[in-house]
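Visitor: Residue numbers (this note's numbering): 271 to 546.
Note that the Cβ used here is the ideal one computed from N, Cα and C, for glycine as well.
Before anything else, here's the structure in question.
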């Protein structure tokens, strides 16, 4: 992984670091530069350096599938029961990303000196896949989570990746595990997804790993929202359970729930093409 990050001031007019020098600034100006550079790197990788490519996904289905628990046993919030598979991909400074692999869920192997254990070189996202009342599986706005994860990785100098590739890998995993773990006779249930990137290099250097692991749940939950930014405008919404503000809040929650479970067709509800 990159050396321990130091926060240093940026003076207006100071040249940005060159490609060959470590960029350890975490000021707003430095982060903006990093994000712009990351976008360029993602869209135009150097010769011989591979981008994360979902089309190269290798399928190694488990020979020992797990038993799907009773809905009562899979208590929402515990997130201790996981599905059959996970997807992993390694990153190397010389060659870039390896072909991602869908394989049996299980433990990871880490050296005691792995940078994630000492410098917290990791980032993650959390989202859900819903079994709709129309029988379809949907991820709710996975593009936003993938884009935010890229921003997080840039902030801590972990490898960059095309957000679309991460979104496609999550859809691929749910296409395999979704039909079994979210059967059509259980509409209104969901699985929780946790894409995670961790630094596994046992010494200071530019190494990293993208690891995706997923946990199962059965309950429904909507995070309260008090401010929405839509088409360039901010709209404040009251969060009380009485009065007009509360009425609008309940309408918003119901609208989001309808999108998640297929009662409302919207671009935010990305349908999973399930394995037959």
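Identify, in the order they occur along the chain, each residue of the same chain with its Cβ nearer than 7 Å to the Cβ of residue 439, setting aside the five sequence neighbours on each side.
Guide: Excluding positions up to five away in sequence, the list reads 324, 327, 357, 370, 482.
Visitor: Using a Cβ distance threshold of 8 Å, determine whether the segment 385-404 contacts the segment 453-463, with at least three qualifying pairs required.
Guide: Enough Cβ pairs lie closer than 8 Å, so yes.
Visitor: Which runs of the beta strand (DSSP E) at least 3 residues long sit entirely within the segment 401-479? Give them in chain order.
Guide: Those beta strand (DSSP E) runs which fall completely within the segment 401-479 and span 3+ residues are 407-410, 460-468.
Visitor: So the alpha helix (DSSP H) residue 368 belongs to, where does it begin and stop?
Guide: Here residue 368 belongs to no alpha helix (DSSP H), and DSSP marks it neither H nor E.
Visitor: Alpha carbon to alpha carbon, how far is residue 463 from residue 444?
Guide: Taking the straight line joining both Cα atoms gives about 9 Å.
Visitor: If we count Cβ pairs, one from each stretch, closer than 8 Å, do we get three or more for the segment 408-416 versus the segment 381-390?
Guide: With a cut-off of 8 Å, the segment 381-390 and the segment 408-416 do not count as touching, because too few Cβ pairs lie within range.
Visitor: Exposed or buried, residue 354, counting other C-beta atoms within 10 Å across all chains shown (16 or more means buried)?
Guide: So residue 354 ends up on the buried side.
Visitor: Starting from residue 384, trace the beta strand (DSSP E) both ways and give me its first and last residue.
Guide: Note, residue 384: premise wrong, no beta strand (DSSP E); not H, not E.
Visitor: With DSSP run on the structure shown, which of helix, strand or coil describes residue 330?
Guide: Of the three classes helix, strand and coil, the one that applies to residue 330 here is coil, per DSSP.
Visitor: When the Cα of residue 427 is compared with those of 543, 449, 386, 320, which residue comes out closest?
Guide: Ranking the options by Cα distance to residue 427, first place goes to 386.
Visitor: Taking the straight line between their C-alpha atoms, what separation do you get for residue 366 and residue 321?
Guide: C-alpha separation (whole angstroms): 6 Å.
Visitor: Going by C-alpha distance, which of 460, 337, 543 is nearest residue 397?
Guide: Minimum Cα distance to residue 397 is reached at 460.
Visitor: Between residue 335 and the rest of its own chain, which residues show a CB-CB distance below 7 Å, the 5 nearest in sequence each way excluded?
Guide: Only 354 meet the Cβ criterion.
Visitor: DSSP three-state label for residue 535, please.
Guide: Looking at residue 535 - three-state DSSP - the assignment turns out to be coil, as it is neither helix nor strand.
Visitor: Any idea if residue 469 is buried or exposed, counting beta-carbon neighbours within 10 angstroms, 16 or more meaning buried?
Guide: By the 10 Å Cβ count, residue 469 comes out buried.
Visitor: Considering only DSSP beta bridges, list what residue 397 is partnered with.
Guide: Looking at the DSSP assignment, residue 397 forms a beta bridge with 463.
Visitor: Count the other CB atoms within 10 Å of the CB of residue 448; is the residue buried (16 or more) or exposed (fewer)?
Guide: By the 10 Å Cβ count, residue 448 comes out buried.
Visitor: By DSSP, does residue 324 sit in helix, in strand, or in coil?
Guide: In this structure, residue 324 counts as helix in the three-state DSSP scheme.
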